[in-house]
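Numbering (our numbering), first residue to last: 3 to 148. Don't be surprised by glycine CBs; every beta carbon is placed ideally from N, CA and C.
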């Protein structure tokens, strides 16, 4: 039980530290982008998903950046499952330093959606996403060019 509590404390600390970084370094970013960033950094550092809402498009974008993305079929009501195969170029989730996780996740979570438009459209099509930034969704619908 104590080991579980220690792990939960580390996860919570990673979330809080990442959110503090986002508030200090990206104060104008949306709450959705800050949450996606915090969740993603904690995922990279601790190896566990969760945190402040989500999963959002941006959180999936960070996950998809970790390897080769494929779609495997699962025999559960005809559902498909996205499978990410690590390619060895990046550490696995749970093996990142905080600074490396911040450097990797920040552009994926805070850069304009147009920079990742193709991937975000694929993610929107394949993944269950919520807590998305309204501006990101407008870009994906072709209503904004930001």
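Between residue 20 and residue 44, the CB-CB gap stays under 9 Å. Straight through space, the alpha carbons of residue 61 and residue 124 are spaced by roughly 13 Å. In the DSSP secondary-structure assignment, residue 88 is bridged to 69. In the DSSP assignment, residue 45 falls within the alpha helix (DSSP H) that extends over 33-48. Between the beta-carbon of residue 30 and that of residue 40 there is about 16 Å, and that puts the pair past the 8 Å contact cut. 46 is the residue among 11, 15, 14, 46 whose C-alpha sits nearest the C-alpha of residue 108.
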